[in-house]
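Each residue of the sequence shown is one higher than the one before, starting from 88 at the first, in the working numbering.
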Amino acid sequence: MPDVGSAADAGDTFRRAVEALNGPSLRSEITVREIPAPGRLAPQAAAVSAQVTVHGEEIAWGRLIVLYDPEGTREWPGPFRVVCQVNSELESDIATDPLLGPVAWSWLTDALASCGASHHTLSGTVTRATTEGFGTKAGEGSTTEVEMRASWTPEADDLTAHTAAWQTLLASAAGLPPADVADIARQRARP
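Structure follows, in structure tokens:
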């Protein structure tokens, strides 16, 4: 469990923890920007969104939210909770694969492991949704999207590896070739 100090210095602890959210993207295809954080989930929260763009086309997007409760009054086990969402359009042949859920979940668990994001109490869902057009939209064809929502409790208050894992998950969902983002994340974490 991270040493988070008292509620009096929660502001400094939280600020140090979320510095990782404002660092540069790990890949040129990923654009990250700060967004308003939800106000009711924790005493302190920060959020970013990202999109993965290849050849001018957005192919995946997501959000990362960091929640912090120094008093431990929330239902998660620890002062911090990381929450992420990742969405990506899929090719129709992949969308019907019964292993899509377990494979998409492995993108997250592999990303957390490869980036060294120590955590516990990981939970989440993988959802696939198919959209079909009718009437004047009948000619647009159908699209399928996968959405992953997950949350976990970090083991420490340096969230650099967790931010890298989320970006790695985005890249996997977008179908980008693997990059050594774990090495990039380690370089970013050095003073």
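Think of the CB as a built atom: it goes at the ideal place given N, C-alpha and C, for glycine as much as any other residue.
C-alpha gap between residue i and residue j, whole angstroms
i, j, result
"S229", "L177", "11 Å"
"L187", "Q138", "21 Å"
"G149", "L256", "10 Å"
"A191", "P157", "32 Å"
"I122", "G110", "14 Å"
Residues of its chain near residue i, where Cβ-Cβ distance is below 7 Å and the 5 sequence neighbours each way are ignored
i, result
"A124", "A132, A133, A134, I152"
"V170", "I152, L154, S238"
Reference residue i; option with closest CA among the options
i, options, result
"G203", "W253, D184, F167, Y155", "W253"
"E219", "T231, T212, L154", "T231"
"T217", "D180, G98, S193", "D180"
"S259", "V173, F221, A248, L209", "V173"
"A266", "E116, T212, K224, P157", "E116"
"G165", "A200, A261, T208, I146", "T208"
Helix, strand or coil at residue i [DSSP, three-state]
i, result
"D90", "Confidence in D90 is poor, its pLDDT being 36 and thus under 50, which makes the residue's placement too unreliable to answer from."
"A248", "helix"
"S136", "strand"
"A124", "coil"
"D96", "Per-residue confidence for D96 stands at a pLDDT of 45, beneath the threshold of 50, marking its modelled position as unreliable; the derived number appears in the next sentence. Helix at D96."
"G143", "coil"
"G222", "helix"
Residues near residue i by beta carbon distance below 6 Å, same chain, minus five either side
i, result
"G211", "R236, A237"
- prompt: Taking three-plus beta-carbon pairs below 8 Å as touching, is the segment 235-249 in contact with the segment 99-111?
  reply: yes
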